[in-house]
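Numbering (the working numbering), first residue to last: -6 to 200.
Beta carbons: idealized from backbone N, C-alpha and C, even for Gly.
Here is the structure we will look at.
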């Protein structure tokens, strides 16, 4: 199985990163052979929407599960739509994260465990205003993905945010709670899609 671990370095002995969208690198690991590939995070310098871009990036590279210290709502929505589970890792090396995953010691999450923009080191200034981006990013085929033209940075020049404290372990949601959460998410997506279609129709009429 191919999983991805957020990392602050380029090999299995690098520290696992506590953030997803703004981590310096992603380590893709085959859990059967422990062969790995380290890839720079192309979204680390994105002005906004890093979580969506990063989530789409790791899915496109074949990740079947994600291991990180925290995942925001934008990235989690992309993973949920793609059927890719997310597991929390409290701290240690990438190798330790993979071993914990293989041993079944990591807890999967049913929702984001941090707010949007928490990995940016700017407080909540990026807050909302992402309504269009979140809805469009769920489809993966609507052209809103990674074409942001952001320059890649060389190793050693990537700014690293200070690690947040380990997130508290969240209790596993009941079946009813998960159904309710999915219904709420579906309603929100329908609302965003309706807004997009309405705006598109208006622009076409104006043109």
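Quiz item: Should the segment 35 to 43 be regarded as contacting the segment 52 to 62, the criterion being three or more beta carbon pairs within less than 8 Å?
Solution: Contact annotation: the segment 35 to 43 does not touch the segment 52 to 62, with fewer than three C-beta pairs closer than 8 Å.
Quiz item: Can you tell which of 74, 192, 93 has the C-alpha that lies nearest to the C-alpha of residue 182?
Solution: 74
Quiz item: How about residue 90 and residue -2: do their beta carbons lie closer than 8 Å?
Solution: yes
Practice problem: Return the CA-CA distance between residue 205 and residue 18, expressed in angstroms with no decimal places. | Solution: The question about residue 205 has no answer here: the residues shown for the chain are numbered -6 through 200.
Self-check item: Every unbroken beta strand (DSSP E) within the segment 58 to 113, with a cutoff of 3 residues, ordered by chain
Solution: With a minimum length of 3 residues, the unbroken runs of beta strand (DSSP E) contained wholly in the segment 58 to 113 fall at 58 to 61, 79 to 81.
Practice problem: List the endpoints of the continuous alpha helix (DSSP H) containing residue 51. | Solution: 43 to 53
Exercise. Could you tell me the distance, in whole angstroms, from the CA atom of residue 63 to the CA atom of residue 15?
Key: 11 Å
Practice problem: Quick one: give me the first and last residue of the alpha helix (DSSP H) that residue 181 is part of. | Solution: 168 to 199
Exercise. Look up residue 33 in the DSSP assignment and give the residues it is bridged to.
Key: 18
Quiz prompt | Min CB distance residue 187 to chain D below 8 Å | solution = Considering every chain present, this structure includes no chain D. It has just one protein chain.
Quiz prompt | Other residues of its chain near residue 13: CB distance less than 6 Å, five sequence neighbours each side excluded | solution = Same-chain partners within the cutoff: -1, 61, 64, 68.
Quiz item: By Cβ distance, which residues of its chain are closer than 6 Å to residue 79, with the 5 residues on each side in sequence left out?
Solution: 59, 64, 72, 102
Quiz item: Rounded to a whole number of angstroms, what is the C-alpha to C-alpha distance between residue 172 and residue 104?
Solution: 12 Å
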